[in-house]
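2 protein chains.
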Amino acid sequence: MSEPNPIFIGKKPVMNYVLACLTLFQNGSDSVIIKARGRAISKAVDVAQITIRRFATGIGVKKINTDTEQVKSNKTGSVNNVSSIEIHLGR
Amino acid sequence: MSEPNPIFIGKKPVMNYVLACLTLFQNGSDSVIIKARGRAISKAVDVAQITIRRFATGIGVKKINTDTEQVKSNKTGSVNNVSSIEIHLGR
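What follows is the structure in structure tokens.
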């Protein structure tokens, strides 16, 4: 398996996402993509750093992309711009 | 002037930092580095995205680095790991 597997960062504790990354790598993935929007961007960087520093030797950050996404609020119907990040981890 | 100018993202409103970036570019800088730690990382990505999308045509994200820094708490004296980000904007 070499196709990228996105992990979306939400409101769970950081370690849940670290574990998800490690599981993917141990199941043979060569690369994992961590995605986050808005406030979760900080947590995405934490997940990447903890994964590569504490647990996964030989894995590093290959590429980081940032973008802006338009999110429509369900409550008010207004459209907001939200920053997003994609962190590509790989062997 | 082509040496990089770091802008540290803190607790001020996003637009203050966008303005700081734009000022540096308009004073002739070729590149600006946006730095942030911890929770401010999300805001740093916002600053970069707003700068390149809304105001500064011809400027883009050249490189993004993430790292872990050790921060010593003044209150308790304990050392904590904090994620940090460096976003390099340039022409």
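Those protein sequences? They're chains G and U, same order as listed. For the first sequence, the numbering used here gives the first residue as 1, with consecutive numbering after it. For the second sequence, the numbering used here gives the first residue as 101, with consecutive numbering after it. Cβ atoms here follow ideal geometry from the backbone N, Cα and C, with glycine treated the same way.
#1: Beta carbon of Ser83 of chain G, beta carbon of Ile41 of chain G: below 9 Å?
#2: In chain U, which residues lie less than 7 Å from Gly10 of chain G when you measure between Cβ atoms?
#3: Using the Cβ count rule (16 or more neighbours within 10 Å means buried), how would you classify Lys43 of chain G?
#4: Apart from the five residues just before and just after Asn81 of chain G, which ones in its own chain have a Cβ nearer than 7 Å to its Cβ?
#5: Given 8 Å as the limit, is there contact between the region 114–128 of chain U and the region 17–31 of chain G, that is, 3 or more CB pairs closer than that?
#6: On the criterion of 16 or more Cβ atoms from any shown chain inside 10 Å, does Val179 of chain U qualify as buried, or is it exposed?
#7: Nearest chain G C-beta to Thr151 of chain U closer than 9 Å, yes or no?
#8: Using the beta-carbon of each residue, which ones in chain G are nearer than 7 Å to Ile141 of chain U?
#9: Does DSSP put Asp167 of chain U in a helix, in a strand, or in coil?
#10: Note down, in chain order, each residue of its chain lying with its Cβ closer than 6 Å to the Cβ of Thr102 of chain G, except the 5 sequence neighbours on either side.
#11: Out of U:Phe108, U:Ser173, U:Val161, U:Ile109, state which residue places its alpha-carbon closest to the alpha-carbon of Asp130 of chain U.
#12: Against chain G, does Ile107 of chain U count as a neighbour if the rule is that its beta carbon must be under 9 Å from one of theirs?
#13: Where does the unbroken alpha helix (DSSP H) through Ile150 of chain U begin, and where does it stop?
#14: Name the two residues that bound the continuous beta strand (DSSP E) containing Asn16 of chain G.
#15: Report the residue from U:Phe155, U:Ile187, U:Lys172, U:Asn105 whose alpha carbon sits nearest the alpha carbon of Gly128 of chain U.
#16: Which same chain residues, not among the five before or five after Asp98 of chain G, have their C-beta less than 8 Å away from its C-beta?
In this structure, then:
#1: yes
#2: Result: empty, since nearest Cβ-Cβ is about 14 Å, beyond 7 Å.
#3: buried
#4: Thr68, Gln70
#5: no
#6: exposed
#7: no
#8: Ile41, Ser42, Val45
#9: strand
#10: Because residue 102 of chain G is not part of the residues shown, which for chain G are 1 to 91, the question remains open.
#11: U:Val161
#12: no
#13: 140–150
#14: That residue, Asn16 of chain G, is in no beta strand (DSSP E); its alpha helix (DSSP H) goes 14–26.
#15: U:Asn105
#16: Nothing in the structure corresponds to residue 98 of chain G, since chain G is present only between 1 and 91.
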